[in-house]
Amino acid sequence: GMSSFYGCGGGGSGGGDAIGSGGGRRVGPRDGPGYAGVGGGGERKADGGADRPRTPLDPGRSARIQLNRSLTTKSSAHEILTVYAQQRSEFDSINMITAFHRIAKCADGRSVLRTPAL
1 GMSSFYGCGG GGSGGGDAIG SGGGRRVGPR DGPGYAGVGG GGERKADGGA
51 DRPRTPLDPG RSARIQLNRS LTTKSSAHEI LTVYAQQRSE FDSINMITAF
101 HRIAKCADGR SVLRTPAL
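Sequential numbering of the sequence shown, starting at 1, is according to the numbering used here.
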């Protein structure tokens, strides 16, 4: 429902992009005929050409994707900071952005502003 889209809690089940929320794919204003989108392989581009074959993942990419998915399932800013404290060395810039964005959306987000981890 809308609360999972706007709230801090995790979404439903289903696809999504590689670093997405872990919930179902969100439909937005850019979706529709002719939009290339961000989804998985096999989609047609706006110019009618097929996607190129995917390149192999770098060794740490799947771990960072899993970390992002883990962050999006947390329901409080404190839980997100716990993940950061436990896995700090594995965070890349995308994981940091996801963590900050999720903390900002959480009801207890303001309560962690003065936390030394930030």
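A virtual CB, placed ideally from N, CA and C, is assigned to each residue, including glycine.
- Message: Excluding the 5 residues flanking residue 80 on each side, which residues of the same chain have their C-beta closer than 8 Å to its C-beta?
- Response: Short of 8 Å from the beta carbon of residue 80, and not among the five residues preceding or following it, lie these beta carbons of its own chain, in chain order: 71, 74, 99, 102, 103, 106.
- Terminal residues of the continuous alpha helix (DSSP H) containing residue 105? Counting along the chain, the alpha helix (DSSP H) containing residue 105 begins and ends at 93-105.
- Element boundaries [alpha helix (DSSP H), containing residue 82]: Counted as a single uninterrupted DSSP element, the alpha helix (DSSP H) harbouring residue 82 occupies residues 77-87.
- Start and end residues, alpha helix (DSSP H) containing residue 67: 61-72 is the extent of the alpha helix (DSSP H) around residue 67.
- Secondary structure at residue 114, three-state DSSP: helix, strand or coil? DSSP places residue 114 in coil when its eight states are reduced to three.
- Can the beta-carbon of residue 91 be found less than 9 Å from the beta-carbon of residue 69? Taking a C-beta distance under 9 Å as the contact criterion, residue 91 and residue 69 do not qualify as a contact pair.
- Sequence-distant residues of the same chain with beta carbon closer than 8 Å to residue 85, five excluded per side: Hits under 8 Å: 117.
- Message: On a Cα-Cα basis, can you pick out the residue from 115, 95, 77, 82 that is closest to residue 60?
- Response: Comparing Cα-Cα distances from residue 60 to each of 115, 95, 77, 82, the minimum goes to 95.
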